[in-house]
Structure formats: C-alpha cells, structure tokens
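Enquirer:
2 protein chains.
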Amino acid sequence: MLFMARKAPMTFDKHRSAGYLINHLARIFARNLSDRIQPLGLSTGTFPAMLALWEQDGRTQKELVALLDIEQATMANTLARMERDKLILRKRDAQDGRVQRIWLTERARALQAPATGAADAVNAAALAGLSASERDTFLALMGKLIAANTDTDPPDDPTPG
Amino acid sequence: MLFMARKAPMTFDKHRSAGYLINHLARIFARNLSDRIQPLGLSTGTFPAMLALWEQDGRTQKELVALLDIEQATMANTLARMERDKLILRKRDAQDGRVQRIWLTERARALQAPATGAADAVNAAALAGLSASERDTFLALMGKLIAANTDTDPPDDPTPG
DNA sequence: TATTATTGCATAGCATGCTATTCATGGCTA
DNA sequence: TAGCCATGAATAGCATGCTATGCAATAATA
Numbered sequence: 325m326l327f328m329a330r331k332a333p334m335t336f337d338k339h340r341s342a343g344y345l346i347n348h349l350a351r352i353f354a355r356n357l358s359d360r361i362q363p364l365g366l367s368t369g370t371f372p373a374m375l376a377l378w379e380q381d382g383r384t385q386k387e388l389v390a391l392l393d394i395e396q397a398t399m400a401n402t403l404a405r406m407e408r409d410k411l412i413l414r415k416r417d418a419q420d421g422r423v424q425r426i427w428l429t430e431r432a433r434a435l436q437a438p439a440t441g442a443a444d445a446v447n448a449a450a451l452a453g454l455s456a457s458e459r460d461t462f463l464a465l466m467g468k469l470i471a472a473n474t475d476t477d478p479p480d481d482p483t484p485g
Numbered sequence: 325m326l327f328m329a330r331k332a333p334m335t336f337d338k339h340r341s342a343g344y345l346i347n348h349l350a351r352i353f354a355r356n357l358s359d360r361i362q363p364l365g366l367s368t369g370t371f372p373a374m375l376a377l378w379e380q381d382g383r384t385q386k387e388l389v390a391l392l393d394i395e396q397a398t399m400a401n402t403l404a405r406m407e408r409d410k411l412i413l414r415k416r417d418a419q420d421g422r423v424q425r426i427w428l429t430e431r432a433r434a435l436q437a438p439a440t441g442a443a444d445a446v447n448a449a450a451l452a453g454l455s456a457s458e459r460d461t462f463l464a465l466m467g468k469l470i471a472a473n474t475d476t477d478p479p480d481d482p483t484p485g
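For the protein sequence lines, the chains are R and X, in the order given.
For the first sequence, this note's numbering assigns the number 325 to the initial residue and increments by one for each residue that follows.
For the second sequence, this note's numbering assigns the number 325 to the initial residue and increments by one for each residue that follows.
1) Could you please tell me which residues of the region 356 to 382 of chain R, in chain order, have their CB closer than 8 Å to any CB of chain X?
2) Is the shortest distance between the beta-carbon of residue 339 (chain R) and the beta-carbons of chain X less than 8 Å?
3) Can residue 373 (chain R) and residue 402 (chain R) be called in contact, C-beta distance under 8 Å?
4) Going by Cα to Cα distance, which pick from X:451, X:459, X:406, X:425 is closest to residue 366 (chain X)?
5) Taking C-alpha atoms, which residue in X:463, X:446, X:343 lies nearest to residue 355 (chain X)?
6) Chain X partners of residue 430 (chain R), CB-CB under 7 Å?
7) Is the region 334 to 352 of chain X in contact with the region 432 to 442 of chain R, if contact means three or more CB pairs nearer than 8 Å?
8) Report yes or no: is there a C-beta of chain X within less than 8 Å of the C-beta of residue 411 (chain R)?
9) Using a Cβ-Cβ cut-off of 8 Å, state whether residue 393 (chain R) counts as contacting chain X.
10) What's the C-alpha gap between residue 472 (chain R) and residue 389 (chain X)?
11) Terminal residues of the continuous beta strand (DSSP E) containing residue 424 (chain R)?
12) What's the C-alpha gap between residue 341 (chain R) and residue 363 (chain X)?
13) I'd like to know if the region 450 to 457 of chain R and the region 462 to 469 of chain X are in contact, where contact means that at least 3 CB-CB pairs between them fall below 8 Å.
14) Could one say the Cβ of residue 399 (chain X) lies closer than 8 Å to chain R's Cβ atoms, at least one of them?
15) Thinking C-alpha only, which one of X:348, X:387, X:442, X:464 is nearest residue 392 (chain R)?
16) Just verifying my parser: in three-state terms, what is the DSSP assignment at residue 346 (chain R)?
17) To the nearest whole angstrom, what separates the beta carbons of residue 432 (chain R) and residue 360 (chain R), a pair I think is in contact under 8 Å?
18) Answer with yes or no whether the minimum CB distance from residue 470 (chain X) to chain R is below 8 Å.
19) Can you confirm whether residue 346 (chain X), when its beta carbon is compared against all beta carbons of chain R, has any partner nearer than 8 Å?
20) Express the C-alpha separation of residue 400 (chain X) and residue 415 (chain X) in angstroms, rounding to a whole number.
21) What is the C-beta distance between residue 350 (chain R) and residue 350 (chain X), in whole angstroms, given that I count them as a contact (C-beta under 8 Å)?
22) Determine the direct distance from the alpha carbon of residue 429 (chain R) to that of residue 380 (chain R), and round the result to whole angstroms.
23) By DSSP, does residue 394 (chain X) sit in helix, in strand, or in coil?
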C-alpha cells in the first residue's frame, strides 16, 4: 500500500510544553472573553487598549505600544478599528504634528464597568477549579515569566568608544 | 480646553487578570518560537499540527480538529498552507469520499528533530528564571485549567423524553 | 427509490498579530 | 537655510484564529 501511518518515537510531550499549554489556554480565554464582550461591541484586541485608556486617555499611540507590548503596526490597525467603531477619537498634538493623541468617546467610557465586569467573570469562571493559593501562585508565576521575558533594556545603548 | 485626560477609578488590575497575563505570555512565546522555527520553514500555527502528525500521520482533518481544540475552518486553512509548503499530502479516503487523510512528506518528517529541539529551547529559555518545582507547578496548573475549561461532554446528548 | 438529514471539508469575511516599508513631520547641522 | 536624519504613524502583505455559510458525499427514512 502506498501510505502507511507511521508513529515516530515520542520526543516531545505537548502536555509538558509551556508554550503549547499557554497557547491553548490563551485561545480558551480569548474565546470566553469574546463571548462576553462582543455584546458590548468590544473585542479581544481592543480590550487591552481600552483598559489603558480607561485608566487614562489622551495617550499617544507610541505610549500604548509600550504599555501593551504590541507592535506599532498592530496598534495602528487596532486603533483604526476602534475609531471606526466610535470608541475613540484621534486628535493631532498641537506641539508635534506627528503625534496623535487618543481620546475615549462617551460611549467608550460607559463601557468600562460592564466590560471589566465581564473580564472579571471570565477570569473567575476559568479559575474556579483552583484554590485561592493556587490562583495566587499562577498569577505570580505568569508575572514573573513576563518580567523575565520582556526587554527592559533602554532601546538605545550607544557606549561609543 | 476641549480635551482633558481623565483617570477613571481603578477597578481592574491587568497584573492580576489571568486572561490578560496569559494573552501577553502567549504572544511572547509565539514570537520566540516563530524566531526559532521560521528558519526551518515552520510557523506557530502549523507547529501543533506537525506534532500531531509526527506522532502519527494518516489522520483525518476532523481528528486533528479534536486533538488540537481548533475550529474546523482554522484547520482547513492551516492544512492548505501546509500543503502549499510541501509539508503534507492529502489523500481521499477510499471508504468515505468525504474524508481526507493527511500524510507527512519526507521533508516534514525530517523536520521533527530540529523543530522539537527548537521548541524545547524556547521553553527552557523562557522558564529559565523559575526553579524546577516552580516549573512543575506552572505546567500542572495550566494542565488543570485546560482540563477544567475544555468540553469533554459528548457532542450529542439526546435524552429524548 | 426519492427525499431529506448528516457529515466532512472548503470558502468568505473579519479580527488580531507580525515584519517590512512608506510617508509626513520635526530636528540637526553643514 | 538647505539637506539629512530621526521619529510617529500608516500601509502592504501575510499567518492564525474565529463565525457563518456553501458544497459534495453519505446515511437515513418516507
């Protein structure tokens, strides 16, 4: 026969691979969050930007890029969708014509409570099977990993000579 | 002045939100894996499918969908790219003309060792800041969360009457 | 057997992420 | 001041995820 299924020797266990598990878990969380915030007119990609803007708006795109650890092009596209959906306004900075400052619409401000409530509910439901100390451990470990895997070096290190 | 930055009362701490942290961590891992397997001609989306097929090929699309917890349409697109890139062949099942069985090319088989090695390296580097017991705890907690948040109900529950 | 329902997969359309590139503005310097 | 470099943002093109829908093959049923 032309084709015969082959089993290669097991050299990689996806259930022991952090990257594999994190990817799977992230998709599960994203699906759950999407289900809960779509009725509000929000989506998973806009949500982190909304959090940053609810905390304080008038930020520049560059500031959001740094805060959210997302590429500039990704942020530009996300902001374009948010503007299209009347969540934000972009106004040129008076001092520097290259800069656009991002302002929430009243509609967007009104979404803060229901949207963060939805996210809290998603987190609570997903973590329901863990004890309080397991939850703390899990959050702490993720924070530690993010910190350890994020460049905090100044983007500019001349050391000329 | 027309616009005045507002700070809303803090009601949501992203550093304590499992979903937020998982999303961030997943992007970090994906970027790191992409850097390492792109030279091999692989990408993050094809990687889980390759793992399943290295373990055993001749599987159907439907089997891969169930194994990887991905939507059928997503898998169809991923398989189309893999076929385009000469990683797989699709052959109609002789018994059921609707079914396509997926077979690895020799080129794809040859990638198993370098690709899983790359993934191991990514995981090891990312987790380098954790102790062995912290790593075990982290993997165990993720496994627990995935299990708790995955439907294992039979897709069909008639109970008619 | 003719009709209908189910099943497996493909396609359309969109959101979200990336890299590479372009564009416009501002700053520096010869 | 003119020309060059730096910076902020937009655009192009692609991968990867989703939902909704279409299509072809098979199964079930009237």
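Every residue gets a Cβ at the ideal spot worked out from N, C-alpha and C, and that includes glycine.
Expert: In brief:
1) With the criterion set as a beta carbon lying under 8 Å from some beta carbon of chain X, the members of the region 356 to 382 of chain R are 356, 357, 368, 372, 375, 378, 379, 380, 381, 382, in sequence order.
2) The beta carbon of residue 339 (chain R) sits closer than 8 Å to some beta carbon of chain X.
3) Going by C-beta atoms, residue 373 (chain R) is nearer than 8 Å to residue 402 (chain R).
4) Comparing Cα-Cα distances from residue 366 (chain X) to each of X:451, X:459, X:406, X:425, the minimum goes to X:406.
5) Nearest option by C-alpha distance: X:446.
6) Those do not exist, as residue 430 (chain R) stays about 11 Å from chain X at its closest Cβ, beyond 7 Å.
7) With a cut-off of 8 Å, the region 432 to 442 of chain R and the region 334 to 352 of chain X count as touching, because enough Cβ pairs lie within range.
8) Answer no: the Cβ-Cβ gap between residue 411 (chain R) and chain X never drops below 8 Å.
9) Closer than 8 Å to some Cβ of chain X, the Cβ of residue 393 (chain R) qualifies, so yes.
10) Using only the alpha carbons, I get a separation of about 33 Å.
11) Where residue 424 (chain R) is concerned, the enclosing beta strand (DSSP E) stretches over 424 to 428.
12) Going from the Cα of residue 341 (chain R) to the Cα of residue 363 (chain X) covers about 21 Å.
13) A contact exists between the region 450 to 457 of chain R and the region 462 to 469 of chain X.
14) Answer no: the Cβ-Cβ gap between residue 399 (chain X) and chain R never drops below 8 Å.
15) The candidate whose alpha carbon is nearest that of residue 392 (chain R) is X:348.
16) Helix.
17) For a cut-off of 8 Å, the C-beta gap from residue 432 (chain R) to residue 360 (chain R) is around 17 Å, too long to register as a contact.
18) Chain R places a beta carbon closer than 8 Å to that of residue 470 (chain X), counting this residue as a contact.
19) It does: the Cβ of residue 346 (chain X) has a partner Cβ on chain R nearer than 8 Å.
20) Take the alpha-carbon of residue 415 (chain X) and the one of residue 400 (chain X): they are about 14 Å apart.
21) Contact flag correct, Cβ pair sits at about 4 Å.
22) Roughly 13 Å separates the two Cα atoms.
23) In the structure shown, residue 394 (chain X) sits in coil (DSSP, three-state: anything other than H, G, I, E or B).
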